[in-house]
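There are 4 protein chains.
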Amino acid sequence: MYNSFGEIFRFTTFGESHGKAIGVVIDGVPAGVDFDEEFLIQELKRRRPGQNRFATQRKEDDFPEVLSGVFEGKTTGTPISIVIFNKDQKSKDYSNIKDIFRPGHADFTYFNKYGIRDYRGGGRSSARETAARVAAGAVAKMILKEFNIEIEAGIVEIGGIRAQNLDFDFAKNSPILALDKEKEKIWMDLIDEARKSHDSLGGVVKLKIKNAPIGLGEPIYYKLDNIMASAMISINAVKGVYIGNTNAHKLKGSENNDQIGKNGFLSNNSGGVLGGISNGEDIELEIYFKPTPSIFQTQKSIDIKGNEVEVNLKGRHDPIVAIRGAVVAESMAACVIADMLMLNATRKIENLKKIYF
Amino acid sequence: MYNSFGEIFRFTTFGESHGKAIGVVIDGVPAGVDFDEEFLIQELKRRRPGQNRFATQRKEDDFPEVLSGVFEGKTTGTPISIVIFNKDQKSKDYSNIKDIFRPGHADFTYFNKYGIRDYRGGGRSSARETAARVAAGAVAKMILKEFNIEIEAGIVEIGGIRAQNLDFDFAKNSPILALDKEKEKIWMDLIDEARKSHDSLGGVVKLKIKNAPIGLGEPIYYKLDNIMASAMISINAVKGVYIGNTNAHKLKGSENNDQIGKNGFLSNNSGGVLGGISNGEDIELEIYFKPTPSIFQTQKSIDIKGNEVEVNLKGRHDPIVAIRGAVVAESMAACVIADMLMLNATRKIENLKKIYF
Amino acid sequence: MYNSFGEIFRFTTFGESHGKAIGVVIDGVPAGVDFDEEFLIQELKRRRPGQNRFATQRKEDDFPEVLSGVFEGKTTGTPISIVIFNKDQKSKDYSNIKDIFRPGHADFTYFNKYGIRDYRGGGRSSARETAARVAAGAVAKMILKEFNIEIEAGIVEIGGIRAQNLDFDFAKNSPILALDKEKEKIWMDLIDEARKSHDSLGGVVKLKIKNAPIGLGEPIYYKLDNIMASAMISINAVKGVYIGNTNAHKLKGSENNDQIGKNGFLSNNSGGVLGGISNGEDIELEIYFKPTPSIFQTQKSIDIKGNEVEVNLKGRHDPIVAIRGAVVAESMAACVIADMLMLNATRKIENLKKIYF
Amino acid sequence: MYNSFGEIFRFTTFGESHGKAIGVVIDGVPAGVDFDEEFLIQELKRRRPGQNRFATQRKEDDFPEVLSGVFEGKTTGTPISIVIFNKDQKSKDYSNIKDIFRPGHADFTYFNKYGIRDYRGGGRSSARETAARVAAGAVAKMILKEFNIEIEAGIVEIGGIRAQNLDFDFAKNSPILALDKEKEKIWMDLIDEARKSHDSLGGVVKLKIKNAPIGLGEPIYYKLDNIMASAMISINAVKGVYIGNTNAHKLKGSENNDQIGKNGFLSNNSGGVLGGISNGEDIELEIYFKPTPSIFQTQKSIDIKGNEVEVNLKGRHDPIVAIRGAVVAESMAACVIADMLMLNATRKIENLKKIYF
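Protein chains in written order, with the numbering used here: chain Y, -15 to 341; chain C, -15 to 341; chain L, -15 to 341; chain S, -15 to 341.
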């Protein structure tokens, strides 16, 4: 259960940063979905590091091997297993941190929880695990495509500087997934500056889901919004999530309520979710990423015996995780929506009759 | 599954706002816990409306009947069922909204999802359901008490005005659970003003968990923080959650990383969670509540046939849900921690040996 | 989880034999099902003891109160809670066994597992819990009725004497649910004899499900047959289950394989399940009940301190549990089929398209 | 969920008979367990076909690659993924059955359920999937070894001929895992005869678990016995399970009750389970296997268009699946016990205190 997500569309990931492989088993995929292996490869490429100076230069081939669940180009209803073998491991980079706890990382908590940890590159707690999520998300998107549901994400804030005009099409071609053309250069400069000063930056991702049908989300504890939040905060470095208008808590009811006309809602402060159920509007959320904990400045810490030490990291790291994190956020959102689509299908007796009669 | 929360400490709630009763079944409670029925009653009283002018005047006795799972003052390891019969129902108040969708409420989505809805007081989507959560939380707190784990919550922001100095002890006796003595009066005035203008207010709750052991949270998808976020956003009117320093996304890594000394962490920007696992520091989060959707101003909407209508609500409603919501947030947090305590117990073979040898 | 069953149609029971109440919360019922409260009462009556000399004379009113999930005669998609308050408790009957372990009962294991037990009437381990299952089963049958799926059960063996000709219609009116008219009298005599000699009898129930569609059951670990077996063996006193021809293990492949013609299978040794999935034939199974452990002869045992004692039970008990157990088996089977119907609905992309387009 | 088993010790299998690989991800393994890779290989070898004339001559290397979850010889608490690449696939053997439904197999049900099936060697429904279970069982046994819990299984009946004297040590070295030395030759002759006549045989496996602590099993729906039955009947070809004395349903209470003395139970008709909880005695069950459905005689069937056809199978198949099935049954039993060990650990508050204080 610990390493699984979803109820019907349920995936389980495994693997350590510098182990033999990482991977995912996706259960609950309906039979008969066109399986687009090229799309899977493209999605992984979008997340892959080393593509430009705004991300770590660590090279990962991230080539996915589909081991099961697909036959003659279609899903069969059996579990789809996708494995990515680790190649560019450079274990030596990490030998200096074998016995110490890097600030901001999970070293301290894994060691104390389990009494043992794979220290190579963060082991299981490495963001490398998110490649497996992207593989799951690619399969989820293949399902969503059958229903014309689209998911898009981009950067809405870096270094406290917020986008004004959001343009998801622009973001698709921006090397930093910038949602605001006017801010792209400013944000790039901030990232360059952080990298040069051996530091890192946090950031905010905005995510939008279009064309989701009304009815997704199962009250009371498997609502669309609380599960979406759970999905997002499970991503490395994410510290917060907000659904809809991020000023809602500052507003009055008369300002925040979305009134309704005969052509639909007159505003979308709710972010497309009412009572935990999608209302047919765009589903919108913001996701708050902390700065990359791996920085190249001297930091204070302790070793596994409790002695105080100075930490000096080497290696290759993203100056900002929010950018690649946006792709992971899309993937998780796709998985949530695929799951909710199936869960909702059984919630009315008339739906079941459509299937069985 | 839809109406259940937790893996080992797992509770299931049921009931509609104006049905016969609401209640909860709590499974997974260990045997041998002292069951403090008086405490259960007190906790429900803390959430109960009608206690002062800052909350709805609807009177609910909220008297809990414990139907099972307790014997001679101790839990027996069998499910604890607690039922609260509804008394002050006033169904007539709601007849005017039988066929229309109240803005900001779940009327529209429930009707479209299920094709039928209990329109009386919001039915299942009513915040009345949270009384059942508080009952579950009270039982969770009885477990946490055995480990000296404490949970406290209060108001940190209303109407965009933020607390400066947080004092959880002060909040305990504040009628609006204000965390900042200096802001209490200002916030009260804002609430009075909102009520008088037939409007409502959003707000922000800060929650703190003290004395939680290191190791709570199960990576990767049942982390302490993503499940805590899921718990919070499942609460009516909650739109966002942030763990730790709520500026993390604006900071640099060198500012946000919590360095470590031999007496512990030198700061707590992480909010007590690293890699999804508690690190022994206070666990801290903020919870963002939208304003109460029930306001007494004319609003535009449609009826179930799609005709445009004007909505004019009557009845009794909280001018701000964040206050009573703070008690619910505490309860949910207690349930999460109780669950995580038990899950973590089995994650090391040496722990199991302590039990079986 | 411990006290819940099913994945989508998921029910959770609570309550002790001599506590305030027993009950059930049924989650995942689709909205829009006609709720037949009279049928619920009738089903509970079928299980109820005290109806003739073949069952215990303990009188239980077993009146179900539906607390939630039903509105204007239809299910709303929210959890249905049904509570049965205990009335005829006679706690005194059990005071003599407070500190001893009755042979064949769960007294010994509950005490050792939990360190505490509600000794009154067996507490949670009492077969009284099965009334809650029958309530869940009644709701499941309301769903199955929409699909013309029928479940029937009766006695196929008592005291080693097996039925020859099975007649489920005859069983419906037999006081002992005898499936074989010729054996009814013989079996009644055996039961009378057991009761008079202060002893009890085991027995075998045969259960048949008619009109189930092809496709129910989710390989590999949520197959129709393994979950059906789990459902049955969870019933008090059930020790075994066999699906299909109970001689299959003695047969050759050439005898046991069901060949197929253009009008369907030429035999049904499989009991309607192939690879864990229903094949459209009648689903058939046998369920093996041990004799009632409560007998009125002196037995050797120990008390909670380990001292050897003689046990002499008083009170009212079924001379054979298989008869009332048949009703419980039907109920559990109905719950499994309702769950599988919903799970199967999402396993083909074309099914989902029928719902969303 | 469909392809997963267990609650805490939870494994998920994937893969088709003639796809690229089969495998398993095992979640919930506690950290710090000695990982014995050689033992894993040996366990898989025990299940592997082609070892003598009593099993299919299909050669499978079954070499397990451990991809994750183990570091420096110990489990780390992260998921353990084990993959077995398929080598000896011989897809051509199956081309003749591409469009027809083999009697006794899942071809008919998979095709009708999913609308598509991987017909090569039975695809997902092949018993090849059980290699993944054996890998999971090997890891479970590594845990059980820490508690001296042992599991053993052997053949107790073939062709209606039952063992008299059970000798589990003898079975360990018998090529057919015969529990009765006197019957070994008779059973071998029956198997030879079945193979020569192009037929197959059913059989019965007896399984015993020694040294399990008192307290395993979570009433009411996650009992030791109903979950054990679920585990067993999920195995290909298993049609029935019986816990304890398989005559219990024919006995009287006075015969079947296990009386208790100060040194323990005076008999073990219960098979070590009372009220769904282990009582400290040996846990014993019997598992009923149908004959291998693949036989080499002409059989009637239909093709996917509904036309009547004659089926003539070629290839290599076990004349009796019960023998290799015994190893799989052991593996499943080990997984159940490992899961129950962990679940039980949290059921008493005093257990939790042992861990946290």
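Ideal Cβ placement from N, Cα and C applies to all residues, glycine included.
Please classify residue i: does DSSP put it in a helix, a strand, or coil?
i                 : result
A155 of chain S   : helix
T372 of chain C   : Residue 372 of chain C lies beyond the residue range present for chain C, which begins at -15 and ends at 341; the question has no answer from this structure.
Q283 of chain L   : strand
Y94 of chain L    : helix
V50 of chain S    : strand
T114 of chain L   : helix
G248 of chain S   : strand
L208 of chain L   : helix
F(-11) of chain S : strand
F19 of chain Y    : coil
Going along chain L, which residues have a C-beta under 7 Å from residue i?
i               : result
N335 of chain Y : I339
Which bits of chain C does residue i rub up against, with CB to CB less than 8 Å?
i               : result
A15 of chain S  : R331, K332, I333
N210 of chain L : Near N210 of chain L there are no residues of chain C at all, since even the closest Cβ is about 20 Å away, more than 8 Å.
E130 of chain S : I333, L336, K337
Among the options, whose alpha-carbon lies nearest the alpha-carbon of residue i?
i               : options                         : result
G7 of chain L   : L:E49, L:P33, L:E(-9)           : L:E49
I288 of chain L : L:R32, L:P63, L:V17, L:D83      : L:D83
F117 of chain Y : Y:T330, Y:A317, Y:L336          : It is worth fixing the name first, because residue 117 of chain Y is Arg in this sequence and not Phe. Here the closest residue by C-alpha is Y:A317.
P159 of chain S : S:K192, S:A90, S:Q35            : S:Q35
I193 of chain Y : Y:V305, Y:R(-6), Y:I321, Y:R101 : Y:I321
F69 of chain Y  : Y:L51, Y:T59, Y:F85, Y:L258     : Y:L51
V311 of chain S : S:A329, S:I271, S:V293, S:N247  : S:I271
G264 of chain S : S:P275, S:D242, S:G53           : S:D242
F47 of chain C  : C:T60, C:G53, C:R30, C:P63      : C:R30
A232 of chain S : S:L269, S:F55, S:I217           : S:L269
E239 of chain S : S:N252, S:N247, S:K246          : S:N252
K156 of chain C : C:L191, C:I133, C:D183, C:A215  : C:L191
F95 of chain L  : C:L28, C:E292, C:T59, C:M(-15)  : C:T59
Look at the alpha carbon of residue i and the alpha carbon of residue j, and state the distance between them as a whole number of angstroms.
i                 : j               : result
A213 of chain Y   : P87 of chain C  : 23 Å
I267 of chain L   : G57 of chain C  : 46 Å
Y226 of chain Y   : A162 of chain C : 23 Å
G187 of chain L   : A313 of chain L : 13 Å
A15 of chain Y    : A329 of chain L : 11 Å
K180 of chain Y   : S254 of chain C : 25 Å
K362 of chain C   : K338 of chain S : Here chain C comprises residues numbered -15 to 341, so residue 362 of chain C is not present and cannot be evaluated.
I307 of chain L   : E177 of chain L : 16 Å
S1 of chain Y     : G290 of chain Y : 25 Å
D20 of chain S    : M126 of chain S : 7 Å
F(-11) of chain Y : I10 of chain L  : 24 Å
F(-7) of chain S  : R32 of chain L  : 38 Å
Give the interface partners of residue i over in chain S, defined as CB-CB distance under 7 Å, in chain order.
i                : result
I(-8) of chain C : T330
Listing by chain order, which chain Y residues have their CB less than 7 Å from the CB of residue i?
i               : result
L235 of chain C : G186, P275
Identify the contact partners of residue i in chain S, using a Cβ-Cβ distance below 8 Å as the criterion.
i               : result
P197 of chain C : Y340
Does the pairing of the region 169 to 177 of chain L with the region 283 to 298 of chain L give three or more beta-carbon distances under 8 Å? no
How about the region 321 to 338 of chain C and the region 278 to 293 of chain Y: do they share at least three Cβ pairs that are nearer than 8 Å? no
Determine, using beta-carbon pairs with one atom in the region 137 to 144 of chain S and one in the region 18 to 33 of chain S, whether at least three such pairs fall under 8 Å. no
Tell me whether the region 144 to 155 of chain Y and the region 188 to 200 of chain C touch, counting them as touching only if at least three CB pairs, one residue from each stretch, are closer than 8 Å. no
On the three-pair Cβ rule with 8 Å, is the region -13 to 1 of chain Y touching the region 108 to 123 of chain Y? yes
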